[in-house]
Amino acid sequence: MIDLNSMSEALQRGDAEKVEELVRKALEENLTPKKILEDGLIKGMDIIGAKFKKNEVYVPEVLIAARAMHAGMDILRPKLTEAGVKDIGKVVMGTVKGDLHDIGKNLVEMMLEGAGFNVIDLGVDVSADKYVEAVKDHQPDILAMSALLTTTMIYMGEVIKALNDVGLRNKLKIMVGGAPITQDYADQIGADGYSPDAASAVDKAKVFIP
Ligand code: B1M
Numbered sequence: 000m001i002d003l004n005s006m007s008e009a010l011q012r013g014d015a016e017k018v019e020e021l022v023r024k025a026l027e028e029n030l031t032p033k034k035i036l037e038d039g040l041i042k043g044m045d046i047i048g049a050k051f052k053k054n055e056v057y058v059p060e061v062l063i064a065a066r067a068m069h070a071g072m073d074i075l076r077p078k079l080t081e082a083g084v085k086d087i088g089k090v091v092m093g094t095v096k097g098d099l100h101d102i103g104k105n106l107v108e109m110m111l112e113g114a115g116f117n118v119i120d121l122g123v124d125v126s127a128d129k130y131v132e133a134v135k136d137h138q139p140d141i142l143a144m145s146a147l148l149t150t151t152m153i154y155m156g157e158v159i160k161a162l163n164d165v166g167l168r169n170k171l172k173i174m175v176g177g178a179p180i181t182q183d184y185a186d187q188i189g190a191d192g193y194s195p196d197a198a199s200a201v202d203k204a205k206v207f208i209p
C-alpha cells in the first residue's frame, strides 16, 4: 500500500523518477487523482515553499522540486481531466516588455502550479497588447507580472492602463513582483497585490480566489 508521504518526500528531494514511479503506483492502487495531487504532490511543494520562505532551502532546491512536480503532473494531468478535477484558479503570467529575466517568474509559476493553479506562461518581453490578448483569450482570475529591471518595472503601469482602456481591468486581480518592486510601487500603479517571493505569491494568489 502506497504512502503518499513518501511521494511528498521524493518531490522535496527533487527525485523526479521516484515521483513518477509513485504516481503510477498510486494510480494502479486506485487512489483518486485528487488525493494523489493534494496529499502527495501539492503537499510536497507546500513544504518546499514554506522552507524557501524561511531560507531553509534555496532556488536550486526549489527548481529541482518543481521539476519533480512536473514529472508527476505529466502522468496525473490526463487522469485529473478525466476525473473532472478543477484547477483552483487560472493565472496568466509573463515578464514585462524589455525584460528578459525569467528565473524568478518561472519559480513563481512552478509554485503556483504546485498549489493547483492553471498557469498560462506568456514568456518574457511581453507587450501590453500581448497581455490584453491573453486576458481576452484565457479569461484568467489573476494577471501576474514580473520585472527585474528598474527600467522595465514602469511598464507594469502601462499594462494596467491598457487593460483599463479596454474595460478588462476590473475583471481580474493583478499581481506584481520582482526584485525592484515594492508594496508602495504596486499601490502606486494600482495593482491588487505584491509579493516579495514565490511562496508569498502563492499565498496572495489564493486570497484572490473566491
Ligand atoms: Co540581469 N540584472 N541583466 N541578467 N540579473 C539583474 C536584475 C541586476 C540587479 C544585476 C546587477 O546589476 N546587480 C541588474 C538590474 C539593475 C536594475 O535595474 N536595478 C541587471 C542588469 C542591469 C541586466 C542587464 C541590463 C545587463 C546588461 O546587459 N548590461 C541585462 C538586461 C537584459 C534584459 O532583460 N533586457 C541583464 C541580463 C541578464 C542575463 C540574461 C544574463 C540573466 C538572466 C537570465 C534569465 O533570467 N534567464 C541575468 C541575471 C541572472 C541576473 C541576476 C544575477 C539574477 C536574477 C535572478 O534570476 N535571480 C540579477 C542580480 C541579482 O538578482 N542578484 C540581475 C534569482 C530569482 C529567483 O530571483 O528574479 O528576483 P528574482 O525572483 C524572485 C522574486 O523577485 C520574486 O520571486 C522570485 C523567487 O522568490 N518574484 C515575484 C519575481 N517575479 C515575481 C512576480 C510576482 C511575485 C514575486 O507576482 C506576480
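Heads up: the sequence shown at position 185 corresponds to 184 in numbering that gives the first Met the number 0, and the numbers run straight through without jumps.
Where a beta carbon is used, it is the ideal one built from N, C-alpha and C, also for glycine.
Here the structure is a predicted model, which means the values were calculated and not measured.
DSSP places Leu-79 inside the alpha helix (DSSP H), whose first and last residues are 58-82. Assignment of Ser-194 by DSSP, reduced to helix, strand and coil, places it in the coil class.
A heavy atom of the ligand B1M is found nearer than 6 Å to the CB of Met-174. Distances taken from the Cβ of His-100 to the heavy atoms of the ligand B1M include one shorter than 6 Å. In the three-state DSSP reduction, Asp-101 falls in the coil class, being neither helix nor strand. In this structure the segment 0-18 lies against the segment 54-74, because at least three pairs of beta carbons, one per stretch, are closer than 8 Å.
Minimum Cα-Cα distance from Lys-85 among the listed residues Asp-120, Asn-105, Ala-114 corresponds to Ala-114. Glu-108 and Lys-78 have their C-alpha atoms some 22 Å from each other. Annotated three-state conformation of Ala-143 is strand, per DSSP. Shown here, Met-152 sits in coil according to DSSP, grouped into three states, outside any helix or strand. The DSSP-derived three-state label of Lys-89 is strand. If you draw a 10 Å sphere on the C-beta of Met-110, you find 16 or more other C-beta atoms in it, and that means buried. The beta carbons of Ala-190 and Ile-208 sit no closer together than 7 Å. Taken through DSSP and simplified to helix, strand or coil, Asn-29 comes out as coil. Per the coordinates, the alpha-carbon of Val-123 lies some 6 Å from the alpha-carbon of Val-95. DSSP places Lys-172 in the strand class (E or B) of the three-state scheme. Ser-145 and Met-0 have their C-alpha atoms roughly 43 Å apart. Relative to the ligand B1M, Ser-194 has its C-beta within less than 6 Å of a heavy atom. A distance criterion of 6 Å places the beta-carbon of Val-90 beyond contact range of the ligand B1M, judged by its closest non-hydrogen atom.
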